[in-house]
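Comments concern the structure below.
Right, dumping it as structure tokens:
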């Protein structure tokens, strides 16, 4: 696995873990500030990933199934 492939894999896995925890309710997001913070972290990671692989991002709402 190349360095680029490793970066892509790590970005994908991190985004999937954050999205999965948010969707399953494992992270209590009753506080709006906390919810927005996690969403911001997710979007920042996703943007960085998409810059590296040069593809259109998947909307967070689609990932969370909202």
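In UniProt numbering, the protein residues as written are 1 to 66. C-beta: ideal position from N, C-alpha, C; glycine also.
In the DSSP assignment, residue 24 falls within the unbroken alpha helix (DSSP H) covering 3 to 24.
Residue environment: residue 4 is assigned as exposed (fewer than 16 neighbouring CB atoms within 10 Å of its CB, all protein chains considered).
Your pair residue 38 and residue 15 does not check out as a contact, with CB atoms roughly 12 Å apart and the cut at 8 Å. One alpha carbon belongs to residue 62, the other to residue 48, and they sit about 19 Å apart.
Here residue 11 is near residue 45, since their CB atoms are less than 7 Å apart.
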